[in-house]
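Residue numbers (the numbering used here): 1 to 241.
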Amino acid sequence: MADNCFAHPRLAAIYDPLDPDRSDLDAYLQMAEEFEARRVLDIGCGTGVFALLLADRGTEVVGVDPARASIEVARAKPGSERVRWICGDATDLPPLQVDLATMTANVAQAIADPQTWQKTLRGAREALRPGGHLVFETRNPARRAWEEWNRESSYRVTDIPRVGPVETWVQVIEVSRPLVTFRWTYRFAVDGQVLTSDSTLRFRERDEVERDLDAHGYVVDDVRDAPDRPGKEFVFLARRP
Numbered sequence: 001m002a003d004n005c006f007a008h009p010r011l012a013a014i015y016d017p018l019d020p021d022r023s024d025l026d027a028y029l030q031m032a033e034e035f036e037a038r039r040v041l042d043i044g045c046g047t048g049v050f051a052l053l054l055a056d057r058g059t060e061v062v063g064v065d066p067a068r069a070s071i072e073v074a075r076a077k078p079g080s081e082r083v084r085w086i087c088g089d090a091t092d093l094p095p096l097q098v099d100l101a102t103m104t105a106n107v108a109q110a111i112a113d114p115q116t117w118q119k120t121l122r123g124a125r126e127a128l129r130p131g132g133h134l135v136f137e138t139r140n141p142a143r144r145a146w147e148e149w150n151r152e153s154s155y156r157v158t159d160i161p162r163v164g165p166v167e168t169w170v171q172v173i174e175v176s177r178p179l180v181t182f183r184w185t186y187r188f189a190v191d192g193q194v195l196t197s198d199s200t201l202r203f204r205e206r207d208e209v210e211r212d213l214d215a216h217g218y219v220v221d222d223v224r225d226a227p228d229r230p231g232k233e234f235v236f237l238a239r240r241p
């Protein structure tokens, strides 16, 4: 089940304007170049921002996401015909042989269920050609990012074209390590509608992730910093031998 912010048509439509700075994707574009990836699987592609950036560079891209509303937003964007969009997840993919599989932003952490996480790692490996790479990030639990997720720090009003002002804020609901659950609230000025979206992230320790990758036959080539968030993220570069 996708979170409401991705699955509700009204929220999926404003996802990009509410988060316009995607400089976090620059590192993934650089890694795609580093690995000379010609075919990429974008797991948890959402509204298609990264998939379309890759397609603009001539890369063959498959974007997969369980939220149909987000996939529909992606399909409506210019150039979307160059991407193969799949409404689903990495646990049940068609036969693929990609050079690179990615899970950008919160995607890896949002797979909070342990069994689904294991199936995702297995599905990604099956989609990779021998020598292909899986790249994803996960927050360093020691930084306790959730302590900054509150209304006081996050409240803002965004004036979105053809939508009007939208108030948004986030509040943590429960911390039960390694799980953290939080709620985003959206209030639309044009009609007063209030929508909420609850999300749960799993904060995995570095050694836990490395064990999981090893168990599924990956070789961990590197664990890097996120250039735009130094010290806050583990960026895993794993390879299918």
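Just so it is clear, CB atoms sit at the ideal spot from N, CA and C, and this is done for glycine as well. Quick caveat: nothing in here was measured; it's all calculated off a predicted structure.
| request: State the start and end residues of the unbroken beta strand (DSSP E) segment that holds Glu293. | output: Here the chain comprises residues numbered 1 to 241, so residue 293 is not present and cannot be evaluated.
| field | Spatial neighbours of Asp24 in its chain, beta-carbon cut-off 6 angstroms, leaving aside the 5 residues before and after | value | Within the same chain, and ignoring the five residues on either side of Asp24 in sequence, the residues whose Cβ sits closer than 6 angstroms to its Cβ are Asp228.
| request: Could you check the C-alpha separation between Val235 and Asp191 for me, to the nearest Å? | output: Spanning the two alpha carbons is a distance of roughly 41 angstroms.
| Hey, Arg239 and Val223 are a contact pair by Cβ (cut 8 angstroms); roughly how many whole angstroms apart? | Wrong, their Cβ atoms sit about 13 angstroms apart, outside the cutoff.
| Which class does Met31 belong to by DSSP, given the choice of helix, strand or coil? | Shown here, Met31 sits in a helix according to DSSP, grouped into three states.
| Beta-carbon spacing of Thr158, Leu18 below 7 angstroms | With respect to Leu18, Thr158 sits close: the two C-beta atoms are nearer than 7 angstroms.
| Three CB pairs or more closer than 8 angstroms across the stretch 94-113 and the stretch 141-148 | Here the stretch 94-113 does not lie against the stretch 141-148, with fewer than 3 beta-carbon pairs under 8 angstroms apart.
| Less than 7 angstroms separating the beta-carbons of Leu213 and Gln109? | Going by beta carbons, Leu213 and Gln109 fall outside the 7 angstroms limit.
| task | Would you decide whether Ile71 is buried or exposed? Buried here means 16 or more other CB atoms lie within 10 Å of its CB. | result | The residue is buried, with at least 16 neighbouring Cβ atoms inside 10 Å.
| query | To which residues of the same chain is Pro9 closer than 7 angstroms at the C-beta, ignoring the five residues directly before and after it? | reply | These residues qualify, in order along the chain: Ala69.
| task | Pair every Cβ in the stretch 132-144 with every Cβ in the stretch 96-107, then say whether three or more of these pairs are closer than 8 angstroms. | result | Three or more beta-carbon pairs drawn from the stretch 132-144 and the stretch 96-107 are found closer than 8 angstroms, and the two stretches are therefore classed as touching.
| query | Starting from Ile71 and walking both ways along the alpha helix (DSSP H), at which residues does that stretch end? | reply | That run of the alpha helix (DSSP H) goes Arg68 to Arg75.
| query | Going by the CB atoms, is the gap between Trp184 and Val170 shorter than 7 angstroms? | reply | Judged by beta-carbon spacing, Trp184 lies within the 7 angstroms limit of Val170, meaning their Cβ atoms are closer than that value.
| Per DSSP, Pro165 is paired with what? | Answer is Asp159.
| If you draw a straight line from the C-alpha of Ala55 to the C-alpha of Pro20, how long is it? | Going by C-alpha positions, Ala55 is about 19 angstroms away from Pro20.
| For the ligand COA, is there a heavy atom less than 6 angstroms away from the beta-carbon of Pro95? | The ligand COA is absent from the structure shown, which contains no ligands of any kind.
| query | In this structure, does DSSP put Tyr218 in helix, strand or coil? | reply | Reduced to three states, the DSSP call for Tyr218 is coil.
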